[in-house]
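Undergrad: This is the structure I want to talk about, given as structure tokens.
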Amino acid sequence: MGRSILSQQQSTRATVEIFAAPASWIESGAVDQCHQVAALNGMIHVAGMPDLHPGKGAPIGAAMLSSVLYPFLVGSDIGCGIAVYPFTLKRVVPERLAGRFPDLDVPAEATGLDVPAGYTDQLGTVGRGNHFVELARVGAVLDGGHAERLGLAAGDTVLIVHSGSRGLGERILRAHTEVHGAGPAADPAAYLAAHDDAVRWGHLNRRIMAERVADALGADLGDPVTDVCHNSVEIRDGLYLHRKGAAPGDGADVLIAGTRGTHSFLVAGHAGPAAGHSVAHGAGRKMSRTDALRRGRAKHTIEELRRTAVGSIVVCGDRQLLFEEAPTAYKRIEQVVGDLVTHHLATPIVSTVPLVTYKTADLAPRKGGRR
Numbered sequence: 012m013g014r015s016i017l018s019q020q021q022s023t024r025a026t027v028e029i030f031a032a033p034a035s036w037i038e039s040g041a042v043d044q045c046h047q048v049a050a051l052n053g054m055i056h057v058a059g060m061p062d063l064h065p066g067k068g069a070p071i072g073a074a075m076l077s078s079v080l081y082p083f084l085v086g087s088d089i090g091c092g093i094a095v096y097p098f099t100l101k102r103v104v105p106e107r108l109a110g111r112f113p114d115l116d117v118p119a120e121a122t123g124l125d126v127p128a129g130y131t132d133q134l135g136t137v138g139r140g141n142h143f144v145e146l147a148r149v150g151a152v153l154d155g156g157h158a159e160r161l162g163l164a165a166g167d168t169v170l171i172v173h174s175g176s177r178g179l180g181e182r183i184l185r186a187h188t189e190v191h192g193a194g195p196a197a198d199p200a201a202y203l204a205a206h207d208d209a210v211r212w213g214h215l216n217r218r219i220m221a222e223r224v225a226d227a228l229g230a231d232l233g234d235p236v237t238d239v240c241h242n243s244v245e246i247r248d249g250l251y252l253h254r255k256g257a258a259p260g261d262g263a264d265v266l267i268a269g270t271r272g273t274h275s276f277l278v279a280g281h282a283g284p285a286a287g288h289s290v291a292h293g294a295g296r297k298m299s300r301t302d303a304l305r306r307g308r309a310k311h312t313i314e315e316l317r318r319t320a321v322g323s324i325v326v327c328g329d330r331q332l333l334f335e336e337a338p339t340a341y342k343r344i345e346q347v348v349g350d351l352v353t354h355h356l357a358t359p360i361v362s363t364v365p366l367v368t369y370k371t372a373d374l375a376p377r378k379g380g381r382r
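So that you can map any letter, position 119 of the sequence shown is 130 in this note's numbering, and since no number is skipped, the others follow by simple counting.
Given below as structure tokens:
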């Protein structure tokens, strides 16, 4: 059962505020998780973004301020984020480019690189779940001043990379939970040092994937116009601001991802303390993976999911993942961005339209001998 609310409730320990309009879909289970987090020792404020949805033990799409550091509120994919790179191609033919994407499940060579924490096992790989690498076109320019500042114009090609710290983040969280479970960090400084390594690793991972795709497609790759992580914790005014599926929104430019079959939106964030200085990170799930798989199999064929409503191509050799990540499994990105605007948290800059979305290598032969 879902519901939409904009509420501020004072618990014995913390306030909770959900930034969603009456027309927005917010599951009651996600709101319940916000209040469960609010009851934790030391918690001060929980801000739910309009893409809020239930997670494993803690809400996804939330910024949580506390005097106590809780690693489980950040989760295992520390440093997961989205980067947007200017990407110049001589010819943009999605059908041809889709077959030229490199296999981003195979790690890149780490020779000569200064790799945070020395973790090279999965460097340059995208991972599963909602991670992706997408060749996209800039659609509408929604704020000319900000677009000019970023050097973006309608029709430009960009590469969007969404991934994180892979096994490194999992290792960091596991080291904590095996001893402390969902409890606070016994040594905050030690956790933060490992966390910062994972954040740096995530930035490096996204850059390496962008370079691999540029090399494979024969493109010129520019410096990112944004590269912001949405799973992290920072010290702010002596307190810990945890973000799980929420991006820093106080002066940062953030790509809020839609789906492989819809627009995404690059926004300028200007969120204040009530919103945890944060903005949404994407459309947010409205179906569990199990529900998306069950409903999708009854409604769609594999080939229908490989070509989206906007005409883009999906590269994904994992059939189950195709269904789990179908556009219908997510909320309307326009509603999410609209809620941010209504609550004065962000200004949309440009929209982007998918051309090719890479999820995982498609190694199966296709008609005509092409992959």
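Using N, Cα and C, we set each Cβ at its ideal position, and we do this for glycine too.
The model shown is predicted, which means the values in this text are computed figures rather than measured ones.
Contact check, Arg223 vs Gly135 under 8 Å by CB: the rounded distance?
TA: 6 Å
Undergrad: Considering only DSSP beta bridges, list what Asp88 is partnered with.
TA: In the DSSP output, where bridge partners are listed per residue, Asp88 has none listed.
Undergrad: For Glu222, report the span of its alpha helix (DSSP H) as first-last.
TA: Residues 199-228.
Undergrad: Tell whether a beta-carbon distance below 8 Å holds between Arg296 and His64.
TA: yes
Undergrad: So within the region 32-73, which uninterrupted beta strand (DSSP E) runs reach at least 3 residues, ignoring any that extend past its ends?
TA: 54-64
Undergrad: In angstroms, rounded to a whole number, what distance separates the CA positions of Ser299 and Ile55?
TA: Roughly 29 Å separates the two Cα atoms.
Undergrad: Which residues share a DSSP beta bridge with Thr10?
TA: With the chain running from 12 to 382 in the structure shown, residue 10 is simply not present.
Undergrad: From Lys101 to Ala230, what distance separates their C-alpha atoms?
TA: The straight-line gap from Cα to Cα measures roughly 8 Å.
Undergrad: Quick check: His157 and Ala279, are their CB atoms within less than 8 Å of each other?
TA: yes
Undergrad: Out of Cys327, Ser362, Pro338, which one is the CA nearest neighbour of Pro113?
TA: Cys327
Undergrad: Taking buried to mean at least 16 other C-beta atoms within 10 Å of its own C-beta, is Ala197 buried or exposed?
TA: exposed
Undergrad: Which of the three DSSP states, helix, strand or coil, is assigned to Lys310?
TA: helix
Undergrad: Hey, how far is the Cα of Leu266 from the Cα of Leu115?
TA: For Leu266 and Leu115, the distance between alpha carbons rounds to 21 Å.
Undergrad: When you compare only the Cα positions, how much space is there between Gly194 and Asn52?
TA: So the two alpha carbons sit approximately 10 Å from each other.
Undergrad: Buried or exposed: Ala340, going by 16 or more other Cβ atoms within 10 Å of its Cβ?
TA: buried
Undergrad: State the Cα-Cα distance for the pair Asp234 and Ala109, rounded to the nearest angstrom.
TA: Going by C-alpha positions, Asp234 is about 23 Å away from Ala109.
Undergrad: Is the CB-CB distance between Gly256 and His241 below 8 Å?
TA: A contact, by the Cβ cut-off of 8 Å.
Undergrad: Using the rule of at least 16 other Cβ atoms within 10 Å of the residue's Cβ for burial, across every protein chain shown, is Ala201 buried or exposed?
TA: So Ala201 counts as exposed.
Undergrad: Could you give the uninterrupted runs of the beta strand (DSSP E) lying entirely in the region 237-300, keeping only those of 3 residues or more?
TA: Counting whole runs of 3 or more residues, the region 237-300 contains the beta strand (DSSP E) stretches 237-240, 242-247, 250-255, 257-259, 261-267, 275-281, 289-291.
Undergrad: On the criterion of 16 or more Cβ atoms from any shown chain inside 10 Å, does Ile29 qualify as buried, or is it exposed?
TA: buried
Undergrad: Excluding the 5 residues preceding and the 5 following Arg247 in the sequence, name in chain order all residues of the same chain whose CB lies nearer than 8 Å to its CB.
TA: Leu76, His288
Undergrad: Looking at the secondary structure, which residues open and close the beta strand (DSSP E) in which Arg111 lies?
TA: Per DSSP, Arg111 belongs to no beta strand (DSSP E) and is neither H nor E.
Undergrad: Can you tell me whether Gly175 is buried or exposed, with buried defined as 16 or more other CB within 10 angstroms of its CB?
TA: buried
Undergrad: Indicate the three-state DSSP secondary structure (helix, strand or coil) for Thr136 in the structure shown.
TA: In the structure shown, Thr136 falls within a coil segment according to DSSP collapsed to helix, strand and coil.
Undergrad: Compare the C-alpha of Asp350 against each of His214, Ala32, Arg139, Glu335 and name the closest.
TA: When His214, Ala32, Arg139, Glu335 are compared, the shortest CA-CA separation from Asp350 is found for Ala32.
Undergrad: Can you give the Cα-Cα distance for Ala165 and Thr99, rounded to whole angstroms?
TA: 14 Å
Undergrad: Under the rule that 16 or more other beta-carbon atoms within 10 Å means buried, what is Ser78, buried or exposed?
TA: exposed
Undergrad: State the Cα-Cα distance for the pair Gly322 and Leu332, rounded to the nearest angstrom.
TA: 19 Å
Undergrad: So, are the CB atoms of Cys385 and Gly178 less than 8 Å apart?
TA: Because the chain here runs from 12 to 382, residue 385 falls outside it and cannot be looked at.
Undergrad: Return the first residue and the last residue of the alpha helix (DSSP H) that Leu366 is part of.
TA: Taken as a continuous stretch (DSSP letters only), Leu366 belongs to no alpha helix (DSSP H), being part of the beta strand (DSSP E) at 357-371.
Undergrad: Alpha carbon to alpha carbon, how far is Glu181 from Lys370? Give it in angstroms, no decimals.
TA: Near 20 Å, if we compare the C-alpha coordinates of Glu181 and Lys370.
Undergrad: Helix, strand or coil, according to DSSP, for Asp231 in the structure here?
TA: Strand.
Undergrad: Kindly indicate which three-state DSSP category Pro118 falls into: helix, strand or coil?
TA: Reduced to three states, the DSSP call for Pro118 is coil.
Undergrad: My parser needs the beta strand (DSSP E) runs of 3 or more residues fully inside the region 148-181; what are they?
TA: 168-174
Undergrad: Any idea what DSSP makes of Leu184, helix, strand or coil?
TA: Of the three classes helix, strand and coil, the one that applies to Leu184 here is helix, per DSSP.
Undergrad: What would DSSP say about Phe30, mapped onto helix, strand or coil?
TA: coil
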